[in-house]
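There are 2 protein chains.
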Amino acid sequence: MLVALVICARHKIEPMTRFWTDTVNRLTPYVPGEQRAGGDITKLNTNENPYPPSPDVMEAIRRVNGDQLRRYPDPESVELRSALASYHGVGLDNVFVGNGSDEILALAFLAYFTDGRALQYPDITYSFYPVYCDLYGIEPKTIALEADYSLSLERFLPNEGSIIFPNPNAPTAVATSFEDVKSLLDRHTEQVMLVDEAYADFGATSVIPLVHEYPNLLVSQTFSKGRSLAGLRLGVAFGDAALIDGLQRVKNSFNSYPVDALAQAAGIASIADDAYYRTTTQTIIDTREWTVSELTNRGFEVLPSAANFVFAKAPAGAAGHLFTRLSEAGVLVRYWDKPALSQWLRISIGTPGDMQRLIACIDA
Amino acid sequence: MLVALVICARHKIEPMTRFWTDTVNRLTPYVPGEQRAGGDITKLNTNENPYPPSPDVMEAIRRVNGDQLRRYPDPESVELRSALASYHGVGLDNVFVGNGSDEILALAFLAYFTDGRALQYPDITYSFYPVYCDLYGIEPKTIALEADYSLSLERFLPNEGSIIFPNPNAPTAVATSFEDVKSLLDRHTEQVMLVDEAYADFGATSVIPLVHEYPNLLVSQTFSKGRSLAGLRLGVAFGDAALIDGLQRVKNSFNSYPVDALAQAAGIASIADDAYYRTTTQTIIDTREWTVSELTNRGFEVLPSAANFVFAKAPAGAAGHLFTRLSEAGVLVRYWDKPALSQWLRISIGTPGDMQRLIACIDA
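So the sequence lines, in the order shown, correspond to chains A and B.
In terms of this note's numbering, the first sequence has 90 at position 90, counting the first letter as 1, and numbering is strictly consecutive.
In terms of this note's numbering, the second sequence has 340 at position 340, counting the first letter as 1, and numbering is strictly consecutive.
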């Protein structure tokens with residue numbers, strides 16, 4: 001009989017060395033959702049889009065030739081930024097692109113949140129924010145969500161440190177209104193406010209149109225979710241020209257060419273084929289509403305979602321158990337074993353077939 | 001009559017804003033070589049490879065499907081790192097990959113050079129090093145080159161701050177011997193030493209085999225030069241497992257997925273098609289020797305090059321003038337109008353036809 005020795009790579013003892021600086025030692029790195037390979041897996045754990053990118057995007061990638069790959073890409077990504085500027089009705093100098101919106105956040109934290117003041121963000125939010133704070137030695141100040149898990153912008157302290165929040169928030173999927181964001185901007189005028197709109201395609205109202213009005217507003221978005229390009233790493237930020245210029249200066253002091261030639265070509269093609277993206281987004285929204293209804297019928301409490309995922313409280317405190325059973329059945333969702341979240345599951349919206357399988361597994 | 005108002009975008013007045021932090025204000029960003037588009041340009045200014053990547057690499061990119069692009073790439077790039085580990089005879093945990101070697105340097109500076117001590121590097125070297133020091137507030141300590149522009153490792157102060165240098169050095173192209181690097185490692189044991197081997201494919205001896213022996217040695221390389229993939233952004237670092245783990249921790253606190261699905265696929269195919277890469281590299285070396293001979297015949301002093309570029313002192317102090325005239329004729333080379341470099345041109349090695357055009361332009 002064989003005895004299987006299971007070693008969890010995630011929790012192995014880290015090798016220590018005297019060469020690690022305080023910077024390395026103080027880090028608790030971000031842990032992305034599991035990328036389990038192969039087999040009969042329904043992957044609802046990393047908020048990926050269930051539909052492939054537009055055929056035009058695939059064609060644009062195939063058209064990039066060897067001569068373009070042997071050369072450095074345009075370090076300023078002018079053609080891609082121009083396409084984004086036209087699409088959103090802003091100027092070229094209002095647009096910044098990066099290697100996924102995570103890189104943009106990492107650069108923005110370094111550029112704008114290292115001013116020696118605390119950074120304010122919701123106490124339940126994207127878990128990369130505290131990681132960036134550790135990396136740069138920024139003091140975090142967390143703002144409590146309401147009892148219904150919504151984010152009241154009234155709770156932020158204007159002009160007492162920079163502000164960042166996702167809209168819609170993660171992992172709750174709850175959106176904040178355009179008017180509430182604008183109202184906070186009217187009060188918070190002295191430091192930067194970064195609105196992280198990674199999931200805005202699925203329901204929240206973007207505040208990109210406000211960048212001309214508020215010189216301290218930075219808005220980040222991504223091609224990973226609505227535009228089905230998580231594998232390509234492409235993010236974008238919008239802001240006042242001086243704010244974007246500051247971000248460019250930090251980027252050009254970190255890595256001149258973070259957006260490669262293929263990502264630039266694919267991004268341009270994705271913006272051009274807007275109809276495809278609108279269709280897949282609407283399908284995901286429809287599937288989300290079906291999923292919410294099915295989960296609610298089964299005793300789940302589901303927060304109102306403006307994202308491509310739902311945050312659902314399992315009946316009778318069964319979230320942890322359900323997470324494990326779903327995983328064993330090949331349905332991956334996201335679960336955090338932390339006090340405020342331990343009764344909840346974050347479930348990405350897949351195809352109708354994916355969600356039918358989820359519901360069937362829950363019933364089983 | 002129309003009056004043309006010429007505005008140089010490079011030197012426009014930077015927009016200032018009260019939102020810029022000290023971090024942004026203190027930066028003098030890196031300026032990459034000009035990426036002039038179109039027309040009849042011979043581009044010998046950014047050390048790009050004149051040959052396209054292997055057909056197998058192009059095919060690997062075309063084989064990546066939409067399902068792979070809608071999903072996040074493997075954040076640990078295990079397959080690519082395994083291929084690199086096998087190729088170089090090291091373990092998987094000795095290999096780190098990033099979005100170009102510039103990103104790796106940026107992360108390594110943050111991980112290992114922010115210990116409050118000065119960082120030692122040559123006074124004539126890759127001009128991104130002082131930029132990273134500005135970004136992170138690291139104190140630089142520059143080490144003078146010899147009169148013949150070679151780098152004597154004897155001049156570094158062992159254990160009095162971390163060390164970084166390129167081998168071969170840039171923009172001089174002069175290599176340091178394996179024995180000299182090993183000898184410095186025997187003396188410098190208390191802080192990290194980073195050997196930047198961006199150009200090692202063209203003549204220097206890599207110290208990758210020493211990573212098992214010296215736990216403070218980090219070696220960086222790139223796919224941009226020898227492997228003709230500047231457009232794709234792929235770099236690699238080798239080191240002791242604990243040193244690489246520290247770099248992973250910083251990377252996973254900055255951006256989980258810097259290497260996209262296409263870059264991972266292309267990198268794997270590039271390593272597999274080693275014969276192609278060896279052939280193009282040898283051709284470039286042969287062309288370099290021809291170019292050195294032609295330049296020397298015309299009164300240039302050319303430093304011994306172990307890179308895919310040459311550093312050449314123009315006769316009679318004509319470097320600045322020659323740079324301008326070559327640029328007007330469509331032949332781009334690199335020139336720095338700084339005291340120690342103002343008599344020199346850095347000329348990338350292109351195809352034989354490119355170099356014949358260069359020589360013809362010089363003769364004209």
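A virtual CB, placed ideally from N, CA and C, is assigned to each residue, including glycine.
Item, Value
"V131(B) versus P166(B) - alpha carbon distance", "15 Å"
"Proximity of Y136(B) and N252(A) at Cβ, strictly below 7 Å", "no"
"Cross-chain neighbours of L69(B) in chain A, by beta carbon under 9 Å", "P52, P53, V57, M58, I61, S228, L229, A230, G231, L232, A266"
"Members of the region 93-109 of chain A near chain B, C-beta cut-off 7 Å", "N99, G100, D102, E103, A106"
"For G320(A), the nearest candidate out of K43(A), W336(A), F309(A), M193(A) (CA to CA)", "W336(A)"
"Beta-ladder partner(s) of V310(A), from DSSP", "I347(A)"
"N- and C-terminal bounds of the beta strand (DSSP E) containing D196(B)", "193-196"
"Reference A200(A), options S127(A), S224(A), P258(A), closest by Cα", "S224(A)"
"Under 8 Å from the C-beta of G89(A): neighbouring residues of chain B", "Going along chain B, no residue has its Cβ under 8 Å from G89(A), so there is no contact; the nearest lies around 20 Å."
"W20(A) at chain B interface by Cβ criterion, 7 Å", "yes"
"Where L2(B) falls: helix, strand or coil (DSSP)", "In this prediction, L2(B) scores a pLDDT of 32, lower than 50, which makes its location untrustworthy; the coordinate-derived value is nonetheless stated afterwards. Coil."
"Classification of A237(B) by the beta-carbon crowding that lies within 10 angstroms, buried from 16 upward", "buried"
"Classification of A175(A) by the beta-carbon crowding that lies within 10 angstroms, buried from 16 upward", "buried"
"Unbroken stretches of the beta strand (DSSP E), 3 residues or longer, contained in the region 73-119 of chain A", "95-98"
"Residue burial classification, R187(B) (beta-carbon count within 10 angstroms, cutoff 16)", "exposed"
"Boundaries of the beta strand (DSSP E) in which V236(A) is found, first to last residue", "235-239"
"Residues sharing a beta bridge with R334(A), DSSP", "R346(A)"
"Proximal residues of chain B, C-beta to C-beta of V195(A) below 7 Å", "The contacting residues do not exist; V195(A) stays about 15 Å from chain B at best."
"Contacts that S256(B) makes with chain A (C-beta to C-beta distance below 9 Å)", "P29, Y30, V31, P32, G100, D102, F128"
"Own chain residues within Cβ distance below 7 Å of A111(B), not counting five before or after", "G246, L247, V250"
"Alpha carbon of N49(B) to alpha carbon of A307(B), nearest angstrom", "11 Å"
"Test: P140(A) CB closer than 7 Å to a CB of chain D", "This model lacks chain D altogether; the protein chains it does include are A and B."
"L217(B) (DSSP reduced to helix, strand or coil)", "strand"
"3-residue-minimum beta strand (DSSP E) runs that sit fully inside the region 138-173 of chain B, ordered along the chain", "140-143, 163-166"
"Coarse secondary structure for W20(A), derived from DSSP in three states", "coil"
"Stretch pair the region 202-220 of chain A + the region 58-65 of chain B: three plus CB contacts closer than 8 Å", "no"
"Opening and closing residue of the alpha helix (DSSP H) in which T287(A) lies", "274-297"
"C-beta contact flag for R233(B) and G100(B) at 7 Å", "yes"
"Where the alpha helix (DSSP H) containing P55(B) begins and where it ends", "55-63"
"N-terminal and C-terminal residue of the alpha helix (DSSP H) that P352(B) is part of", "352-363"
"Under 7 Å between C-beta atoms of I143(A) and P122(A)", "yes"
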